[in-house]
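Chemist:
Residue numbers (the UniProt record's numbering): 1 to 198.
(1) Please list the segments of the alpha helix (DSSP H) lying wholly inside the stretch 110 to 175, counting only runs of 4 or more residues, in order along the chain.
(2) Determine contact between the stretch 110 to 129 and the stretch 137 to 148, defined as no fewer than three beta-carbon pairs at a distance below 8 Å.
(3) Just reading off the alpha helix (DSSP H) that residue 53 is part of, what are its end residues?
(4) Please state whether DSSP places residue 25 in a helix, a strand or coil.
(5) Taking the alpha carbon of residue 16 as the point to measure from, which residue in 82, 42 and 185 has its own alpha carbon closest?
(6) So, residue 12 versus residue 55, is the Cβ gap smaller than 8 Å?
(7) Within its chain, find whatever has a CB closer than 8 Å to the CB of residue 102; leave out the 5 residues flanking it on each side and keep chain order.
(8) If you draw a straight line from the alpha carbon of residue 120 to that of residue 175, how long is it in whole angstroms?
(9) Taking just the CA atoms, how far does residue 187 sit from residue 172?
(10) Taking the straight line between their C-alpha atoms, what separation do you get for residue 5 and residue 179?
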């Protein structure tokens, strides 16, 4: 069963993981997330990162450790994970890894309503999607190749491998769907549906 969490933004989970490694200020957190490619899986910006750190602080999962003053830079607050934050991190990770959750991707919504588009139009739009998906797959393969060359341990690449698996599966699905849309039998069925709607 999925638990209701005090802070449920996936960015919060990443922040807890990074703060478990070592205390740091929010700017450094953002730099490391980007440097490690987490921005490919977790949507955030500088403002949302600061907001999540604040929410984690209010929940008691992170706490201020010290404030650093440097003549070159503005004052920076160093945050660290608390014992409650460590417990939340592990509980949340156990849930995410073990319990499948229903997700509602936008493409699923479009597919559920695809019959509103003329078959030729739907096939053309899906062709554009295929081109974008192939670019994404090639980009992911490039990231994986570079990581192997850089001797990055496989566990730090697992989300990229997962992403590539999903993209490859979607490419196969969309390719089959385009073929189905081009079937003359579907064109006739779609025409009858359209006539019944008007």
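Virtual Cβ for every residue (Gly too), placed ideally from N, Cα, C. Computed from a predicted structure; not experimentally measured.
Modeler: The relevant details are as follows:
(1) 119 to 149
(2) With a cut-off of 8 Å, the stretch 137 to 148 and the stretch 110 to 129 do not count as touching, because too few Cβ pairs lie within range.
(3) What you label residue 53 is simply residue 53 of the chain shown in a count that begins at 1. Where residue 53 is concerned, the enclosing alpha helix (DSSP H) stretches over 46 to 59.
(4) By 1-based counting over the chain shown, the position of residue 25 is 25. Here residue 25 sits in strand by DSSP.
(5) Numbered from 1 along the chain shown, position 16 holds the residue referred to as residue 16. It is 82 whose Cα lies nearest to the Cα of residue 16.
(6) As a position in the chain shown, residue 12 is number 12, starting the count at 1. As a position in the chain shown, residue 55 is number 55, starting the count at 1. In contact: residue 12 and residue 55 (Cβ atoms closer than 8 Å).
(7) Indexing the chain shown from 1 puts residue 102 at position 102. None.
(8) Looking up residue 120 in the chain shown gives position 120. Looking up residue 175 in the chain shown gives position 175. For residue 120 and residue 175, the distance between alpha carbons rounds to 14 Å.
(9) The residue given as residue 172 occupies position 172 in the chain shown. The residue given as residue 187 occupies position 187 in the chain shown. Residue 172 and residue 187: Cα-Cα distance of roughly 22 Å.
(10) As a working mapping, residue 5 is identified with position 5 in the chain shown. As a working mapping, residue 179 is identified with position 179 in the chain shown. Distance between the alpha carbons of residue 5 and residue 179 is about 44 Å.
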